[in-house]
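Q: Each number in the numbering used here comes from the position in the sequence shown (counting from 1) with 79 added on.
Glycine residues also receive a C-beta, built at the ideal position from the N, C-alpha and C atoms.
One structure follows; several queries about it will come next.
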Amino acid sequence: MLVQIVSIVFPVCAVIAVGCLYGRKHRPDMLATNQVNMGIFVPTLIFSVLASKSVDLAEVQMIALGGLVIVLGSGLLGWPIARRLGYAPKTLLPPMMFKNAGNMGLLLLLFALGVLLNTAPVLARSAP
80 MLVQIVSIVF PVCAVIAVGC LYGRKHRPDM LATNQVNMGI FVPTLIFSVL ASKSVDLAEV
140 QMIALGGLVI VLGSGLLGWP IARRLGYAPK TLLPPMMFKN AGNMGLLLLL FALGVLLNTA
200 PVLARSAP
């Protein structure tokens with residue numbers, strides 16, 4: 080079991096380590112790369128996956144409902160917390176409701192399951 084976990088997690092950690100070492104040594108300017116990635120490659124990847132999958136409407140409705148419950152629920156839970164701690168809800172709630180963690184698990188998903196994306200995670204991230 081441990082060997083299987085290491086065989087899944089090690090390649091991800093190795094790529095991160097190589098990128099970190101390269102970045103420290105060469106200090107590359109990543110602005111243009113990040114803009115092209117977020118403006119072209121990510122939307123193209125999402126469109127490609129969504130276009131290549133057949134979608135069951137009942138499944139999509141449940142995923143969208145789950146995403147809506149998570150977004151609105153975190154906002155409803157965060158509102159009294161923001162008030163109690165003295166933070167402006169306009170400042171605290173958006174990062175709580177709309178976190179930017181969509182790409183964190185893509186490599187782990189690839190190595191663990193052998194697929195890069197499934198319809199469910201893409202739709203869950205794009206739900207309200």
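(1) When the Cα atoms are used, what is the spatial distance from Q114 to G146?
(2) Determine contact between the region 127-142 and the region 154-166, defined as no fewer than three beta-carbon pairs at a distance below 8 Å.
(3) Considering only the beta carbon of each residue, do M109 and V150 sit closer than 7 Å?
(4) Identify the continuous alpha helix (DSSP H) that holds P159 and give its terminal residues.
(5) Whole angstroms is fine: what's the gap from I87's alpha carbon to K169's?
A: From the atom records:
(1) Working through the sequence shown from its first residue, we reach residue 114 at position 35. Working through the sequence shown from its first residue, we reach residue 146 at position 67. Across the structure, Q114 and G146 are spaced so that their CA atoms are roughly 26 Å apart.
(2) The region 127-142 vs the region 154-166: no contact.
(3) Against the sequence shown, residue 109 aligns to sequence position 30. Against the sequence shown, residue 150 aligns to sequence position 71. No.
(4) Reading the sequence shown from its first residue, position 80 is the one you call residue 159. Unbroken alpha helix (DSSP H) run through P159: 136-164.
(5) Walking along the sequence shown from the start, residue 87 turns up at place 8. Walking along the sequence shown from the start, residue 169 turns up at place 90. In this model, I87 and K169 are separated by some 40 Å (Cα to Cα).
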